[in-house]
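Just so you know, the protein sequences line up as chains A and B, in that order.
Going by this note's numbering, the residue at position 240 of the first sequence is 240; the numbering climbs one at a time, nothing skipped.
Going by this note's numbering, the residue at position 277 of the second sequence is 277; the numbering climbs one at a time, nothing skipped.
Note that beta-carbon positions come from the ideal geometry of N, C-alpha and C, so glycine has one too.
None of these values were measured; they are calculated from a predicted model.
Protein chains: 2
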Amino acid sequence: MSATFVIAQGGGPTAVINQTLVGAVLEIRKRYPDARVLGSRHGVRGIRDDNYVDLTEIPEEQLRLIGKTPGAALGSTRDKPDAAYCEVVLKGLQKASADAFIYIGGNDTAGTQQILSDAAGGKIAFVHAPKTIDNDLVENDHTPGFISAAEFVAGAFLSVDLDFRALPGIYVGIVMGRHAGFLTAAAAAWQQDEDSGPHLIYVPERAFSVDRFIDDIKATMDRHGRCIVAVSEGVSTEDGKALVESLVPADRLERDAHGNVKLSGSDLNAALEHALAEGLPGKRARVDALGYMPRGYIGAISPVDSAEAFDAGAFAIGVAADGGGSVAMNDIGWRWVLKNVPLSEVAGKTRHMPKNFMMKDENKLASDGKDYLRRLVPPKYQIGKPFV
Amino acid sequence: MSATFVIAQGGGPTAVINQTLVGAVLEIRKRYPDARVLGSRHGVRGIRDDNYVDLTEIPEEQLRLIGKTPGAALGSTRDKPDAAYCEVVLKGLQKASADAFIYIGGNDTAGTQQILSDAAGGKIAFVHAPKTIDNDLVENDHTPGFISAAEFVAGAFLSVDLDFRALPGIYVGIVMGRHAGFLTAAAAAWQQDEDSGPHLIYVPERAFSVDRFIDDIKATMDRHGRCIVAVSEGVSTEDGKALVESLVPADRLERDAHGNVKLSGSDLNAALEHALAEGLPGKRARVDALGYMPRGYIGAISPVDSAEAFDAGAFAIGVAADGGGSVAMNDIGWRWVLKNVPLSEVAGKTRHMPKNFMMKDENKLASDGKDYLRRLVPPKYQIGKPFV
């Protein structure tokens, strides 16, 4: 009997997660022309609910077009299955006669694969293929999805800085990222010179103080006449609480099913606006969240990111042949190198931005951080220096 | 003695307002090789304060690069001069021996030019060159800056719709626009089919009702399982009050120098989030403002918009030779045609989106609206249909 592959997508969609799907499907066709490929809708939910799309006969042309489309074409899920849920999923995989399950996602997704792998006892190959705009997977130099997201963020802050040169004031842009600051730091990837924004960067890796924030902005306004700030939605105060938790009354805080404070509402915007109005009264100030744009804006899909995501999907099929594991993009030389690392190395772990990426005493990117980001997101636009 | 041109930029920066500046400067060089060109910094403020950059000798290559750069390279201003302010500006222009003053901006800018023109009594040619992402200048088919902004908005909503197919819920995107809904309507320019978002559009031209908003979203959720909504920041309730004014307590409302309610804070986000939490409890919902991205995101500058903006600047010099007026993009056939219309026809007037652009009984774009937007913002990306 021919082999059966089940494939699914988990967590937040990205600009290139569909490339990984397509890379995997086309690699299966190349290696195992008779194999059946089932796409599980909405991550492990589709396996639980027997809800598949049969990808076996979808024409390659159609798949290639899906690859170029942002979002998660199979649907996604935020479910983090516990042991009982995993048991149901395992039964579902057995019912589908799956020989391998490829799950594309972040560290939670790798965690699901590890639980499943431990429970299955070697009969099915469990593969985690990497995806996250947070860039927070250990064992990876960077992750598919990050470069496109970073390119959007870099372009957004370059553009806002130009806007605020013309009409000076304070701009605070909130960037996705609960625990890792890479994407927020990418705001400075295309910084033109010392006078250009973003002038300040606040990442989850460093304790946030509202007083320091106001002082930093005051100093920047004095020096540059405007102030462009990038803040991770996940910044936390010294006591380890999310900033939004410190600033917003407890009865107004929203939490998700896992008890995590919801970072995506406008509470943080309002709290920062309030802090600016108190600390810097009378100054033009705007707080905006970049929202979903970085992770899927169709106009900022990086060809390099696309190619890497596709290759990670293709590589996942080799990892399946090896019995399972996590696909990692590692050992960068002139080019990334894919390798198979044990699921346990990646599952549930968060890679933080290295300390040396930020200046020691200032909330600015250090040269190590700039070098890393400019390698991944090299300048794309040449701009003219404004007359103001 | 050779002629002196003064040129300035007013109002919100755009992705292509610098093309208009460069088009004007290069046309002056072509027609009047000996002319002096002074760029006034921060709109009429620079004339008032004698703060100019001499553009006469700036190399063409440097200017061309400025043209490709978003923002307003001369700086801008929100000042709406009254008669007394205009008198000071007029004296400044006389002091600079100006023969013509080209002011690039929207209907307020045209209004300033009219006051100045009336006061000057024919000795200086006053020209208004059009610029606005709001697309709300009368006598114009569309305005420089709109197409790029519309392209960003179209791409943003296409992308968010794909994101929400994967992880269903309600998305409300707030788009700039105080009085005219063109830019918000552009959210639907790249709508793929009837199932695709944005499913609902709310523009300032139509009275907004929170009850209707909730009912519309409920119906959309029942039908499509997700709901993508575009709302103009300037939507008003039946009584003519800005929505934010109806939803936010009076003591928390911010107003600008002209008494206009500040639309750009997070109050509207929070109020809409609250309305959704009350009206559709337990549903995943997110309210985001696209903020400044539409007007200056460097990755969505339309070549057509750039060319039109450049041509409008060049045409302004012919209008100056004719004694002044407002440059209008009109009489579209196979191509736009520029013409000179009296300042009084444009000054201070708002062009609203035609009624037939929206469906009569639904908050959706009608075919007339779609046709208009697709002419200006034709599809740019081919995408694959997701499996969910």
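* To do: Write down every uninterrupted run of the beta strand (DSSP E) in the region 269–299 of chain A whose length is 3 residues or greater and which is fully enclosed by it, in chain order.
  => With a minimum length of 3 residues, the continuous beta strand (DSSP E) runs that stay inside the region 269–299 of chain A are 285–289.
* Roughly how many whole angstroms lie between the Cα atoms of A3/A and A98/A? -> The residue labelled residue 3/A in the question sits at position 3 within the first sequence. The residue labelled residue 98/A in the question sits at position 98 within the first sequence. For A3/A and A98/A, the distance between alpha carbons rounds to 7 angstroms.
* To do: Scan the region 100–133 of chain B for residues whose Cβ lies nearer than 7 angstroms to a Cβ of chain A and list them as they occur along the chain.
  => Hits within the stretch: zero.
* **Interface partners of K68/A on chain B, CB under 9 angstroms** => Your numbering for residue 68/A matches position 68 in the first sequence. Y381, Q382, I383, G384, listed in chain order.
* Asked: Is any beta-carbon of chain A found at less than 8 angstroms from that of F213/B?
  -> Translated into positions along the second sequence, residue 213/B becomes position 213. Nearest CB-CB separation between F213/B and chain A: not below the 8 angstroms threshold.
* Asked: Is it the case that the CB of V127/A approaches a heavy atom of the ligand ATP more closely than 7 angstroms?
  -> With respect to the ligand ATP, the structure offers nothing, as it holds no ligand at all.
* Range covered by the alpha helix (DSSP H) that runs through V160/B -> On the second sequence, residue 160/B is found 160 positions in, with the first residue counted as 1. Where V160/B is concerned, the enclosing alpha helix (DSSP H) stretches over 146–166.
* **Per DSSP, the bridge partner or partners of T220/A** => By 1-based counting over the first sequence, the position of residue 220/A is 220. In the DSSP assignment, no residue is bridged to T220/A.
* Option nearest A242/A by Cα separation, candidates H224/A, P204/A, R223/A, G279/A -> In the first sequence, the residue the question calls residue 242/A occupies position 242. Of the listed residues, the one whose Cα sits closest to A242/A is P204/A.
* Of the residues A96/B, K91/B, G105/B, the one placed nearest I116/B, counting alpha carbons only -> Along the second sequence, read from residue 1 onward, the residue named residue 116/B stands at position 116. Reading the sequence as shown, one finds Leu at residue 116/B and not Ile. Nearest C-alpha to L116/B: K91/B.
* **Straight-line gap, L253/A to Y52/B (C-alpha atoms, nearest Å)** => Indexing the first sequence from 1 puts residue 253/A at position 253. Indexing the second sequence from 1 puts residue 52/B at position 52. Straight-line Cα distance between these residues: approximately 50 angstroms.
* **Supposed contact pair G39/A and L74/A - C-beta distance, whole angstroms, cut 8 angstroms** => As a first step, residue 74/A must be located in the first sequence, where it is residue number 74. As a first step, residue 39/A must be located in the first sequence, where it is residue number 39. 5 angstroms between Cβ atoms; contact.
* Segment contact, 8 angstroms Cβ cut-off, at least three pairs: the region 184–199 of chain A with the region 156–174 of chain A -> Yes: at least three Cβ pairs fall under 8 angstroms.
* Asked: Under 8 angstroms between the Cβ atoms of G105/A and G173/A?
  -> Along the first sequence, read from residue 1 onward, the residue named residue 105/A stands at position 105. Along the first sequence, read from residue 1 onward, the residue named residue 173/A stands at position 173. No, Cβ-Cβ distance for G105/A and G173/A is not below 8 angstroms.
* To do: Using beta-carbon positions only, say whether N135/A and F208/A come within less than 8 angstroms of one another.
  => Against the first sequence, residue 135/A aligns to sequence position 135. Against the first sequence, residue 208/A aligns to sequence position 208. Not closer than 8 angstroms, so no.
* Asked: Over what stretch of residues does the alpha helix (DSSP H) that includes L38/B continue unbroken?
  -> Taking the second sequence and counting its residues from 1, one reaches residue 38/B at position 38. DSSP places L38/B in no alpha helix (DSSP H) but in the uninterrupted beta strand (DSSP E) bounded by 36–40.
* Got a sec: is the Cβ-Cβ distance from G39/B to anything in chain A below 8 angstroms? -> By one-based count along the second sequence, residue 39/B stands at place 39. By the rule that beta-carbons nearer than 8 angstroms mark a contact, G39/B touches chain A.
* For E308/B, count neighbouring Cβ atoms within 10 angstroms of its own Cβ and tell me buried if that reaches 16, exposed if not. => Against the second sequence, residue 308/B aligns to sequence position 308. Answer is buried; the Cβ neighbour count reaches 16.
* To do: Look at the alpha carbon of S381/B and the alpha carbon of V16/B, and state the distance between them as a whole number of angstroms.
  => Against the second sequence, residue 381/B aligns to sequence position 381. Against the second sequence, residue 16/B aligns to sequence position 16. The amino acid occupying residue 381/B in the given sequence is Tyr; Ser does not appear at that position. So the alpha carbons of these two residues sit roughly 22 angstroms apart.
* Asked: What is the rounded straight-line gap between the Cα of F126/B and the Cα of R165/A?
  -> Numbered from its first residue, the second sequence carries residue 126/B at position 126. Numbered from its first residue, the first sequence carries residue 165/A at position 165. Taking the straight line joining both Cα atoms gives about 26 angstroms.
* Asked: DSSP state of A120/B, grouped into three classes?
  -> Numbered from its first residue, the second sequence carries residue 120/B at position 120. Helix.
* To do: Give the DSSP-derived three-state secondary structure of P303/B in the structure shown.
  => Reading the second sequence from its first residue, position 303 is the one you call residue 303/B. Helix, per DSSP.
* Limits of the unbroken alpha helix (DSSP H) element including S344/B -> Indexing the second sequence from 1 puts residue 344/B at position 344. That run of the alpha helix (DSSP H) goes 343–346.
* Asked: From what residue to what residue does the alpha helix (DSSP H) around S367/A run?
  -> The count along the first sequence starts at 1 and reaches residue 367/A at position 367. Membership of S367/A in the alpha helix (DSSP H) is indicated by the continuous run 367–376.
* Rounded to whole angstroms, what's the CA-CA distance from I298/B to I47/B? Just pull it up for me. => Reading the second sequence from its first residue, position 298 is the one you call residue 298/B. Reading the second sequence from its first residue, position 47 is the one you call residue 47/B. Distance between the alpha carbons of I298/B and I47/B is about 29 angstroms.
* In terms of residue numbering, what span does the beta strand (DSSP E) encompassing L200/B cover? -> Translated into the one-based positions of the second sequence, residue 200/B becomes position 200. Unbroken beta strand (DSSP E) run through L200/B: 200–202.
* Do you know whose CA, among Q113/B, F357/B, A219/B, lies nearest K80/B's CA? -> One-based indexing of the second sequence puts residue 80/B at position 80. Looking at the Cα atoms, Q113/B is the closest of the given residues.
* **Sequence-distant residues of the same chain with beta carbon closer than 6 angstroms to D108/B, five excluded per side** => Taking the first residue of the second sequence as position 1, residue 108/B is located at position 108. Close CB contacts of D108/B within its chain, under the 6 angstroms cut and outside five residues either way in sequence, are with K80 (chain order).
* **Proximal residues of chain B, C-beta to C-beta of I298/A below 7 angstroms** => By one-based count along the first sequence, residue 298/A stands at place 298. Going along chain B in sequence order, the residues near I298/A (Cβ under 7 angstroms) are G155, L158, S159, Y381.
* Between A230/B, I228/B, A270/B, which lies nearest to E245/B when the distance is taken from Cα to Cα? -> For the purposes of this step, residue 245/B is identified with residue 245 of the second sequence, where counting begins at 1. Of the candidates A230/B, I228/B, A270/B, the one whose C-alpha sits nearest the C-alpha of E245/B is A270/B.
* Asked: From T350/B to H142/B, what distance separates their C-alpha atoms?
  -> Translated into the one-based positions of the second sequence, residue 350/B becomes position 350. Translated into the one-based positions of the second sequence, residue 142/B becomes position 142. H142/B has its alpha-carbon roughly 13 angstroms from the corresponding atom of T350/B.
* What in chain B is Cβ-close to H352/A, meaning under 8 angstroms? -> Residue numbering aside, residue 352/A sits at position 352 when the first sequence is read from its first letter. Those do not exist, as H352/A stays about 25 angstroms from chain B at its closest Cβ, beyond 8 angstroms.
* Give the straight-line distance between the Cα atoms of G177/B and R78/B, rounded to the nearest whole angstrom. => As a first step, residue 177/B is located in the second sequence; it is residue number 177 there, counting from the start. As a first step, residue 78/B is located in the second sequence; it is residue number 78 there, counting from the start. Each residue's alpha carbon lies about 16 angstroms from the other.
* Burial state of Q62/B (16 or more Cβ within 10 Å) -> Stepping through the second sequence from its first residue, residue 62/B is reached at position 62. Flag for Q62/B reads exposed.
* Determine the closest residue to L200/B out of D361/B, P70/B, V261/B, D54/B, with distance taken between C-alpha atoms. => Sequence index remark: in the second sequence, residue 200/B carries index 200 (1-based). Ranking D361/B, P70/B, V261/B, D54/B by Cα distance to L200/B puts D361/B first.
* **Of the residues M359/A, N363/A, I170/A, K68/A, the one placed nearest G23/A, counting alpha carbons only** => Position 23 of the first sequence, counting from 1, holds the residue named residue 23/A. Checking every option, the nearest Cα to that of G23/A belongs to K68/A.
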